[in-house]
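The block underneath contains the structure these notes are about, expressed in structure tokens.
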Amino acid sequence: MSAQDFISAAPLAQSGGLSRTRFFLSNEFGLILLIAVFAVVFAMTTRGFLSPFNLFSLGRNSAVNIMIGLSMMTVIVTGGLNLAVGAMGVSAAMTCGWMIEALGLPWPLAVWGGLALGAGLGFINGWTVVRTGLHSFIITLATMSIFFGVMIFLTRAEAYRGLPDIFSAFGKMKFATYFSPLLVVTLVSALALAWLYRFTVTGREMLAAGASPAAAELSGIRVGRVVILCHMLSGVLAGMAALMLVTRNGAAIPSMAGQLGQDWLLPAFLGPVLGGTLLQGGKVSVLGTVLGAFLVTMLSSGLLMLQIGAFWVQTFLGLMLLIAVLLDKARRSYLARRNLA
Amino acid sequence: MIQISRLSRTDWFGPLLATVIGITIVQSFSATFLSAYNVQILLLAIAVNALVAFSQMIIIAIGQMNLSVGAIGGLAAISFAGALEVWGLPAPIALVFALFVGALCGMANGILIRITGISAFVITLATLSIYKGINLGITEAQPFYGIPDSVKNFGSALLIGPIPWLVVPTLLITLLLWFMLRRLPIGRFILAVGSNDHAAALSGISVGVTVVAAHAISGFLAAMAGVLVVARLQIGQPSIGDDWLILSFAAPVIGGAILAGGHVSTTATLLGVVIVAIITQALVLFSIDPFLVQVVLGAMILAAVGLNKLRARQPLKGSI
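Below, the structure is given as structure tokens:
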């Protein structure tokens, strides 16, 4: 089998001939339905859910959560995991803050610097995974500790607060009183990723390497290099998510992703898993990830407005992840019985 | 020579060597390292961390992972403290209640993983969030302060010399676990399922029961660790267990556990905990930045998995 055959055989078969029933059974349709239902429920039961301010903050929060989900998704594509998403993101944001405050660099350069660091940390992850042949779970568990530890050690756990006004101005900017430009950044990145996975050779190689590394290797794909590339992409996206948080906070804060960046883990997995990205790798749905992360953000915002109690939101998110994987399993077995998938 | 090469193949020899070398080096630089007070601090840390590590080790033995160790520990800790303060239960009954909560949480993990067939990673990530959310929902992030004196005394009492009472439950559990994994059917079943669940099922082992039992044991151990932390801190903090994740993987991996399952060592895991404790303590004694502890822990995991991989390659050439 040549490389071309393999690449066109695997994922196109699923996305190519979309029959109508199959679309209605797809994850994306289910998510859109859920988003619509919950939007109506929240709009009717709470006051101010559709207010411009709430829509604005919803857009801003979902921009960050979607980006975190995309960052995890790029590694899940290869059948791996990246527990270090939070640690990498915060490190990138802190680097950006350090370049502005300590080095006095102009902010565009510092932003590129932060993203480059994200890519560099991703390279370290990917290279270690490829060279040792160990599962990325244990490697990124270790590097999560290392990256976060080095970052905290170098910054002395202090925040960079003297950032130029353009950061917080961008975070506060509104289009038509309720639309955050951060969402535009996220959606553009998502579109770029969708294009990458659908139309470029690199993207198809990533999917092939995730679906079956051995087969990909035999078809002439340099799997090691592709895996490293996926990890670097994940680092850049994590850096972008953290920089968005910086524009929201107006400062680069070391604890913005929690201890070791663990607070990002749940949103990072919720988006892709709800969106139907296979944890075994090889299948990806950018639209699903975007919708999944948006649904999660909307639910937590709505639950807060229902005044269920801020402390219970985490339980609901966990339950949601559980229900999502169960439903996905049920859907898959239904499709398998009907010979649709 | 044959003796040494045979020793080097056991799991506990490397960690033991590292422990002895570590103690010698640190002691030669800082005379206070083996002082009574310092040994007491070391043992207190080891008593709790060993249980955390065992809790993860049992799950590694069946070839899975348990991200919710810390969340179960935290939930059990506040169940214990809450039962004492709010319900006014006597300490032994509160202890049983907390351990029951822990085992139940673990069992729920196991049942979900078994029934759905979804990877343990996703299930325990979800339950991590659920248990932590219940913890925060009940406590609203406020600690329980009303711990009775009997529990406080247990947490600070010394057995003989610098040895605190807290190490007694840990020591008993270590012996029990060692005996279980060596001699008891359930221990052998766990290892068999971990090395090849299909073969285990074919030889008449009920894989489902074994997986659920392993998770229940893991939850029980995490709960025990949580209760010990309450006794040591003398308050029921909701944040107990938040920082257990890295540590719970570090010690078993340093102790030669194979993440694919089927191969763990209780003694070596305990030594792994000791090594981590010594290094953490040394960083403090040499007044090196405490922030670097995270870096060292991460580096140790990397080094240990690398070494394990090399060790595994020697006897079974080409199979890995």
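In order, the protein sequence lines correspond to chains A and B. With this note's numbering, the residue at position 161 of the first sequence is 161, and numbering never jumps. With this note's numbering, the residue at position 76 of the second sequence is 1076, and numbering never jumps. For each residue, glycine too, the CB sits at the ideal point set by N, CA and C.
Rounded Cβ spacing between residue i and residue j (contact assumed at less than 8 Å)
i                       : j                       : result
residue 302 of chain A  : residue 56 of chain A   : At roughly 15 Å, the Cβ-Cβ gap does not stay under 8 Å, so residue 302 of chain A and residue 56 of chain A are not in contact.
residue 1253 of chain B : residue 1295 of chain B : Residue 1253 of chain B to residue 1295 of chain B, Cβ: 16 Å. No contact.
residue 71 of chain A   : residue 324 of chain A  : Rounded, the Cβ-Cβ distance is 19 Å, inconsistent with contact.
residue 1212 of chain B : residue 1193 of chain B : Incorrect: roughly 11 Å between the Cβ atoms, too far for contact.
residue 65 of chain A   : residue 297 of chain A  : 5 Å
residue 144 of chain A  : residue 260 of chain A  : 6 Å
residue 129 of chain A  : residue 264 of chain A  : Going by Cβ atoms, the distance from residue 129 of chain A to residue 264 of chain A rounds to 19 Å, so no, they are not a contact pair.
residue 1103 of chain B : residue 1216 of chain B : 5 Å
residue 91 of chain A   : residue 121 of chain A  : 6 Å
residue 1043 of chain B : residue 1167 of chain B : 5 Å
residue 1128 of chain B : residue 1071 of chain B : 5 Å
residue 1130 of chain B : residue 319 of chain A  : 6 Å
Partner residues on chain B for residue i, Cβ-Cβ distance less than 8 Å
i                      : result
residue 135 of chain A : 1259
residue 329 of chain A : 1116, 1117, 1118
residue 152 of chain A : 1291, 1294
residue 325 of chain A : 1116, 1118, 1122, 1123, 1126
residue 322 of chain A : 1112, 1123, 1126, 1127, 1130
residue 292 of chain A : The premise fails here: residue 292 of chain A is roughly 14 Å from chain B at the closest Cβ pair, so nothing lies under 8 Å.
Within chain A, the residues that residue i reaches when beta carbons sit closer than 7 Å
i                       : result
residue 1306 of chain B : 132
residue 1134 of chain B : 315
residue 1137 of chain B : 309, 311, 312, 315
residue 1297 of chain B : 145
Residue environment, residue i, which counts as buried when at least 16 other CB atoms sit within 10 Å
i                       : result
residue 1140 of chain B : exposed
residue 16 of chain A   : Low confidence applies to residue 16 of chain A: its pLDDT is 45, below 50, so where it sits in the model is not reliable enough to give any reading.
residue 1080 of chain B : buried
residue 50 of chain A   : exposed
residue 1034 of chain B : exposed
residue 188 of chain A  : exposed
residue 1122 of chain B : buried
residue 160 of chain A  : buried
residue 204 of chain A  : buried
residue 1157 of chain B : exposed
residue 1037 of chain B : exposed
residue 29 of chain A   : exposed
residue 1265 of chain B : buried
residue 1085 of chain B : buried
residue 343 of chain A  : The structure shown does not extend to residue 343 of chain A, since chain A is modelled only from 1 to 341, so the question has no answer here.
residue 1052 of chain B : buried
residue 1360 of chain B : Chain B is shown only over 1001 to 1320; residue 1360 of chain B falls outside these bounds and no answer can be derived.
residue 1006 of chain B : exposed
residue 11 of chain A   : Model confidence at residue 11 of chain A stands at a pLDDT of 43, short of 50, so the residue's coordinates are unreliable; what they give is reported in the following sentence. The residue is buried, with at least 16 neighbouring Cβ atoms inside 10 Å.
residue 231 of chain A  : buried
Partners in chain B for residue i, counting only beta-carbon separations shorter than 7 Å
i                      : result
residue 123 of chain A : Neighbours of residue 123 of chain A on chain B: none; closest Cβ ~16 Å, over 7 Å.
residue 288 of chain A : In chain order: nothing, as chain B lies at least about 16 Å away.
residue 148 of chain A : 1294
Contact list for residue i against chain A, beta-carbon separation under 8 Å
i                       : result
residue 1301 of chain B : 138, 141, 142, 145
Interface partners of residue i on chain A, CB under 9 Å
i                       : result
residue 1063 of chain B : Within chain A, no residue comes near residue 1063 of chain B; the closest Cβ sits about 12 Å away, beyond 9 Å.
Counterpart residues of residue i in DSSP-defined beta bridges
i                       : result
residue 1286 of chain B : DSSP output for residue 1286 of chain B lists no bridge partner at all.
residue 160 of chain A  : A:252
residue 179 of chain A  : A:175
residue 1186 of chain B : Paired residues: none, contrary to the question.
residue 1110 of chain B : Paired residue(s): none; residue 1110 of chain B is not in a bridge.
residue 1158 of chain B : B:1164
residue 1144 of chain B : B:1236
Contact list for residue i against chain B, beta-carbon separation under 9 Å
i                      : result
residue 279 of chain A : 1118, 1119, 1121, 1122
Closer than 7 Å: residue i CB and nearest the ligand ATP heavy atom
i                       : result
residue 1201 of chain B : Because no ligand of any kind appears in the structure shown, any question about the ligand ATP cannot be addressed here.
In chain order, what residues of the region 1280-1295 of chain B put their CB closer than 8 Å to some CB of chain A? 1289, 1291, 1292, 1293, 1294, 1295: these are the residues of the region 1280-1295 of chain B whose beta carbon lies less than 8 Å from some beta carbon of chain A, given in chain order.
Below 8 Å between beta carbons is the criterion; list the residues of the region 1229-1258 of chain B that meet it against any residue of chain A, in chain order. Within the region 1229-1258 of chain B, the residues whose Cβ lies closer than 8 Å to some Cβ of chain A are 1242, 1243, 1245, 1246, 1249, 1253, listed in chain order.
Please name the residues in the region 300-319 of chain A whose beta-carbon is closer than 8 Å to at least one beta-carbon of chain B, in chain order. From the region 300-319 of chain A, only 309, 311, 312, 313, 314, 315, 316, 317, 318, 319 have a Cβ closer than 8 Å to chain B.
Residues of the region 1113-1129 of chain B in Cβ contact with chain A at a cutoff of 8 Å, in chain order, please. Correct list: 1116, 1117, 1118, 1119, 1121, 1122, 1123, 1125, 1126, 1127, 1128, 1129.
If the cut-off is 8 Å on Cβ atoms, which residues from the region 259-276 of chain A count as contacting chain B, listed in chain order? Within the region 259-276 of chain A, the qualifying residues are 259, 260, 262, 265, 266, 269, 273.
Where the region 1140-1158 of chain B meets chain A: residues whose CB sits under 9 Å from a CB there: Listed in chain order, the positions of the region 1140-1158 of chain B with a beta carbon within less than 9 Å of a beta carbon of chain A are 1140, 1141.
Looking at chain B, which residues of the region 106-123 of chain A have a Cβ within less than 7 Å of any of its Cβ atoms? Flagged: no residues at all.
Between the region 1080-1097 of chain B and chain A, which residues of the former have a C-beta closer than 9 Å to a C-beta of the latter? Those residues of the region 1080-1097 of chain B that come within reach of chain A (Cβ to Cβ, closer than 9 Å) do not exist; the list is empty.
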